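Asker: Read the sequence shown against my numbering and you will find it ends at 269, with the numbers running on by one and no gaps. Note that beta-carbon positions come from the ideal geometry of N, C-alpha and C, so glycine has one too. Computed from a predicted structure; not experimentally measured.
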Amino acid sequence: MTSWKKQVFAEHPTIRPETRIRKQIDGIEKLLGLSFRNRVLDLGCGAGSQTIELARRSYRVVGMDTSNDALSIARENAKAEKLTVHFHSDKMTRIPFENEFNAVLNLRNPLGCHRTDREDQRCLEAIRGSMRPGGRLLLDLLNREWIIRRLGPHNHVFDLRTGRLDCRGFSARGGLAHARENLRIYSLTEIVSMLEHADLRLRDAYGDYEGKAYGLESQRMIVVAERGPESKKRVVRPDDGLERALRIKGRKRG
Numbered sequence: 016m017t018s019w020k021k022q023v024f025a026e027h028p029t030i031r032p033e034t035r036i037r038k039q040i041d042g043i044e045k046l047l048g049l050s051f052r053n054r055v056l057d058l059g060c061g062a063g064s065q066t067i068e069l070a071r072r073s074y075r076v077v078g079m080d081t082s083n084d085a086l087s088i089a090r091e092n093a094k095a096e097k098l099t100v101h102f103h104s105d106k107m108t109r110i111p112f113e114n115e116f117n118a119v120l121n122l123r124n125p126l127g128c129h130r131t132d133r134e135d136q137r138c139l140e141a142i143r144g145s146m147r148p149g150g151r152l153l154l155d156l157l158n159r160e161w162i163i164r165r166l167g168p169h170n171h172v173f174d175l176r177t178g179r180l181d182c183r184g185f186s187a188r189g190g191l192a193h194a195r196e197n198l199r200i201y202s203l204t205e206i207v208s209m210l211e212h213a214d215l216r217l218r219d220a221y222g223d224y225e226g227k228a229y230g231l232e233s234q235r236m237i238v239v240a241e242r243g244p245e246s247k248k249r250v251v252r253p254d255d256g257l258e259r260a261l262r263i264k265g266r267k268r269g
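#1: In the DSSP assignment, the beta strand (DSSP E) including residue 237 goes from what residue to what residue?
#2: Using a threshold of 8 Å, state whether the C-beta atoms of residue 13 and residue 242 are closer than that.
#3: Indicate the three-state DSSP secondary structure (helix, strand or coil) for residue 220 in the structure shown.
#4: If you follow the alpha helix (DSSP H) that residue 32 is part of, which residue opens it and which one closes it?
#5: Is it true that the CB of residue 55 sits closer than 8 Å to the CB of residue 118?
#6: Report yes if the C-beta distance between residue 116 and residue 145 is below 8 Å; otherwise report no.
#7: Just to confirm before moving on: does the CB-CB distance between residue 140 and residue 213 stay below 8 Å?
#8: Note down the Cα distance separating residue 182 from residue 198, rounded to an integer number of angstroms.
#9: If we count the other Cβ atoms within 10 Å of its Cβ and call it buried at 16 or more, is residue 226 buried or exposed?
#10: Kindly indicate the opening and closing residues of the alpha helix (DSSP H) around residue 139.
#11: Tell me which residues share the same chain as residue 106 and place their Cβ nearer than 7 Å to its Cβ, disregarding the 5 neighbours each side in the sequence.
#12: Using the C-alpha atoms, what's the distance from residue 137 back to residue 175?
#13: Roughly how many angstroms separate the alpha carbons of residue 98 and residue 79, rounded to a whole number?
#14: Taking the Cβ atom as the reference point for each residue, do residue 102 and residue 122 lie within a distance shorter than 8 Å?
#15: Residue 64: buried (16+ other C-beta within 10 angstroms of its C-beta) or exposed?
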């Protein structure tokens with residue numbers, strides 16, 4: 016594993032995984048302002064660690080992932096704790112819910128795992144459609160500026176034109192490993208533009224789940240966005256203008 020990956024993904028040796036997840040969900044509750052029994056969608060939920068922790072706290076949760084193997088583990092874990100959690104297998108571009116959720120979480124960076132920016136844009140549009148008016152979205156993304164300054168010279172390349180990071184691992188014997196990743200690493204400016212095109216607005220960006228300000232030295236870029244409230248559109252009849260004119264004309268002058 017490369018040095019920047021070790022720093023981003025390393026688990027503190029004195030902190031148990033379940034403790035870390037509880038602290039993460041504590042932060043999510045504060046950053047999103049979640050309320051009791053809110054409906055929450057956990058996109059890219061994997062084996063459901065965060066999804067299940069949310070269910071323990073009485074949120075009504077749906078976990079969604081493309082891996083059926085991971086979802087099987089998630090269902091078994093939820094069943095073992097007698098928790099009501101719904102898990103669904105589908106792509107992020109095909110979220111089968113409409114105006115359903117108070118909050119949507121995307122905690123494992125799948126937004127940059129698609130082949131094109133257009134697919135990522137479609138994901139945000141699908142997310143927006145699944146949210147209730149006033150609902151909030153949390154994206155946990157890699158901090159592009161932090162990573163670029165810590166790239167190794169041999170095993171990965173960042174393409175400044177496409178914004179994609181090509182990572183190649185090496186085996187213990189020094190040969191090229193079978194593992195390879197190609198990720199789209201977005202800047203905050205790009206994310207804000209994509210949110211606006213999906214009819215979502217940025218609320219804030221943070222460097223961690225404790226609400227620390229986002230900056231160049233932040234390892235993560237935690238983005239909180241919101242779907243605006245729906246405005247009530249007045250239905251205008253063809254003769255509205257005529258009726259109003261007649262009412263004004265018919266008023267008595269004092």
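Answerer: To lay it out plainly:
#1: 235-241
#2: The requested residue 13 does not occur in the structure, where the chain is confined to residues 16 to 269.
#3: Three-state DSSP puts residue 220 in a strand.
#4: Residue range 32-47 is occupied by the alpha helix (DSSP H) that includes residue 32.
#5: yes
#6: Yes, the Cβ-Cβ distance between residue 116 and residue 145 is below 8 Å.
#7: In this structure, residue 213 lies closer than 8 Å to residue 140 by Cβ.
#8: 8 Å
#9: exposed
#10: 132-145
#11: 81
#12: 23 Å
#13: CA-CA distance, residue 98 to residue 79, rounds to 16 Å.
#14: No, these two residues do not count as a Cβ contact at 8 Å.
#15: buried
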